[in-house]
Every structure is written in structure tokens, then in C-alpha cells.
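Please read the structure below before turning to the comments.
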Amino acid sequence: MLQVYPVLCRAGYMDNYAYVIVDETTETAAVIDPSEAAPIIAKCTELNITPQFILNTHHHFDHVDGNQELKQKYAAKIVCNAADAPRIAEADILLAPETPFNLGQASAEIIDVSAHTIGHILYYFKTDKILFTGDTLFNLCIGGIFEGTPEQMFAALNKIKTLPDDVLFYPGHEYTSGGAMFAFQYNHGSEDIKNYLDRARRRLAEGLPVAPVSLGEEKRCNPYLEATTLQDFKKLVD
Ligand code: ZN
Ligand code: FE
454 MLQVYPVLCR AGYMDNYAYV IVDETTETAA VIDPSEAAPI IAKCTELNIT PQFILNTHHH
514 FDHVDGNQEL KQKYAAKIVC NAADAPRIAE ADILLAPETP FNLGQASAEI IDVSAHTIGH
574 ILYYFKTDKI LFTGDTLFNL CIGGIFEGTP EQMFAALNKI KTLPDDVLFY PGHEYTSGGA
634 MFAFQYNHGS EDIKNYLDRA RRRLAEGLPV APVSLGEEKR CNPYLEATTL QDFKKLVD
């Protein structure tokens, strides 16, 4: 069983989520996308956890800036896509997409979703039905297309759409509020989007992440996942 502990970083201005994850069977732990070290160290101390790995989805500073401090403190290994190694300092384990990464007895498929950046990957713990989407998929919106093309982002999202509806996804930022109004209008105020927004409002009011949401619900509510043709998708990102 994989346990996931979200850690809000750069709160109030970038609202990154890092995640401390633990394979409970073997008590093997990792950190995903450490935007900054301090809040993650606080969470690891609270949980009495020593992460052995630091997993990065992509090279942007707001996902890797905590890497080195955590590597030093915990003697953890930095793990990233081999394609990103030139841009991520001190990387130790280089992943080839399609070759799984094992965390204790848990196992993540590595899915290349080059678009936000070239080399961006997702960590998909298939057995646990947990997906970390970095800056590719957010709640009710998607990441900007900085290095790739709309065609590549459409292909990336289609890879996500082929995953089962009961998979829970954990994004790289708390951007739900940003996507809410557009998603509500796009879906003509459907029951699905009303329920989504009601829960989001309650979660945020309690200071909790909106994540995780199931891919099934996201597919029904996120306009960027609803677009079924490249032409329709391009209208949303142009
Ligand atoms: Zn990014
Ligand atoms: Fe980011």
C-alpha cells in the first residue's frame, strides 16, 4: 500500500505540491517534486520518515529547488528522466520512460508526457491506482505548453485519458480556483461540475488540497480532457 502525504510549498504565491510517499509494506519513502526543502523536512520529521529517493517530474525550479538540501540531509538519491539529467543537478538514477521505478514493493510506470517541458514524466503507481501528474494535469486545468506543441500536449493528455477512471491523481500545484470559472462555464453548470466545485470549496476552506480527484471525475469536468479532437483542443490553448 502506498501512502501519500501532500506538502504545500511556496504557499500563497506558487502553491506547489510536493508529496511524501511511503510504501507501507517495506517502509520505503520518497519525496516527489521538492519545491523547497523546509516544509518537506518538517513533514518527514512529523512522520518520522527518512526518504531514500527524490523523484522529479520535470526540471523547473519550482519542482527541484529542494533536491540538494534533501539529498544531503537524508542521503537520498535524485531520480529523474534521463532526458532531463542535463538540466537537473546531481541526478543519481536516470529513468528511461517505459521502464518502471520500484519504491520498495510499490512500482511506478514512467510515462513520457513531453509538452509542458520536453522530458516531463508522470509516475503511475498502477497497482495502487495513484498518478502524479506534475505540471501536465491540474484540477480543472492543465500546465502551460512551454517547450512542446499543442499537438504534444493533446497526445500527453490522451495518454492520461486511457488510464482507468478509478485512478486518483495528484498534481504539482493547487490551481483549482484558477480553472473553476472556465470549467463551470464550459460544462454549462452540470451536476458533475457543481459537485466538483462544492467539494473543492469545502476542501480549500479547511486548508486541504483539492487533490486527489479520480480521473473519471476529472474527465467529466476538466475542459482540456473533454476535448476529443486536436482541433477542439487547440481552441482551448490558442
Ligand atoms: Zn513546471
Ligand atoms: Fe510548476
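Using the numbering used here, the first residue of the sequence shown is number 454, and each one after it goes up by one.
Note that the Cβ used here is the ideal one computed from N, Cα and C, for glycine as well.
The model shown is predicted, which means the values in this text are computed figures rather than measured ones.
Reducing DSSP to helix, strand and coil, say where A568 ends up.
Your numbering for residue 568 matches position 115 in the sequence shown. A568: coil per DSSP, three-state reduction.
Would you identify the three-state DSSP class for Y623, choosing helix, strand or coil?
Stepping through the sequence shown from its first residue, residue 623 is reached at position 170. Three-state DSSP puts Y623 in a strand.
Taking Cβ to Cβ, would you say I494 is nearer than 8 Å to L508?
Residue 494 sits at position 41 when you count from the first residue of the sequence shown. Residue 508 sits at position 55 when you count from the first residue of the sequence shown. No, these two residues do not count as a Cβ contact at 8 Å.
Give the secondary structure of G669 by DSSP, where H, G and I count as helix, E and B as strand, and everything else as coil.
Taking the first residue of the sequence shown as 1, we reach residue 669 at position 216. Three-state DSSP puts G669 in a helix.
Restricting to Cα atoms, I'd like to know which of D537, C594, A542, L548 is closest to T570.
Residue numbering aside, residue 570 sits at position 117 when the sequence shown is read from its first letter. Cα-wise, what sits closest to T570 is D537.
Thinking C-beta only, is P459 closer than 8 Å to Y623?
Taking the sequence shown and counting its residues from 1, one reaches residue 623 at position 170. Taking the sequence shown and counting its residues from 1, one reaches residue 459 at position 6. The answer is yes: Cβ separation under 8 Å.
CB contact flag (F635, P662, <8 Å):
Here residue 635 is taken as the residue at index 182 of the sequence shown, counted from 1. Here residue 662 is taken as the residue at index 209 of the sequence shown, counted from 1. Cβ atoms of F635 and P662: not closer than 8 Å.
Report yes if the C-beta distance between M606 and A568 is below 8 Å; otherwise report no.
Indexing the sequence shown from 1 puts residue 606 at position 153. Indexing the sequence shown from 1 puts residue 568 at position 115. For M606 and A568, yes; Cβs fall inside 8 Å.
Count the C-beta pairs between the stretch 534-549 and the stretch 629-649 that are closer than 8 Å, then say yes if the count reaches three, no if not.
no
First and last residue of the uninterrupted alpha helix (DSSP H) at I646
Within the sequence shown, the letter at position 193 stands for residue 646. Unbroken alpha helix (DSSP H) run through I646: 644-658.
Taking the alpha carbon of A491 as the point to measure from, which residue in V475, I474, R463, I502 has its own alpha carbon closest?
Counting from 1 along the sequence shown, the entry for residue 491 is found at position 38. Of V475, I474, R463, I502, the residue nearest in Cα terms is R463.
Can you tell me whether Y677 is helix, strand or coil according to DSSP?
Counting from 1 along the sequence shown, the entry for residue 677 is found at position 224. Helix, per DSSP.
Going by DSSP, name the residue or residues bridged to S700.
Outside the displayed range of the chain (454 to 691) lies residue 700, so it cannot be described from this structure.
For T481, write down the residues that DSSP places opposite it in a beta bridge.
Reading the sequence shown from its first residue, position 28 is the one you call residue 481. D476.
Simplified DSSP state of Q432, which is helix, strand or coil
Missing from the structure shown is residue 432; the chain here goes from 454 to 691 and no further.
Write down every uninterrupted run of the beta strand (DSSP E) in the stretch 505-555 whose length is 3 residues or greater and which is fully enclosed by it, in chain order.
506-508, 530-534, 546-548
So does G572 have its beta carbon nearer than 7 Å to some heavy atom of the ligand ZN?
One-based indexing of the sequence shown puts residue 572 at position 119. Flag unset: Cβ of G572 not near the ligand ZN.
C-beta contact flag for L593 and I613 at 8 Å:
The residue labelled residue 593 in the question sits at position 140 within the sequence shown. The residue labelled residue 613 in the question sits at position 160 within the sequence shown. Contact: no.
Do H573 and T510 have their C-beta atoms within less than 8 Å of each other?
Stepping through the sequence shown from its first residue, residue 573 is reached at position 120. Stepping through the sequence shown from its first residue, residue 510 is reached at position 57. Yes, the Cβ-Cβ distance between H573 and T510 is below 8 Å.
For chain B, find out if any of its Cβ atoms is closer than 8 Å to the Cβ of A658; answer yes or no.
Absent from the structure is chain B; it holds one protein chain and no more.
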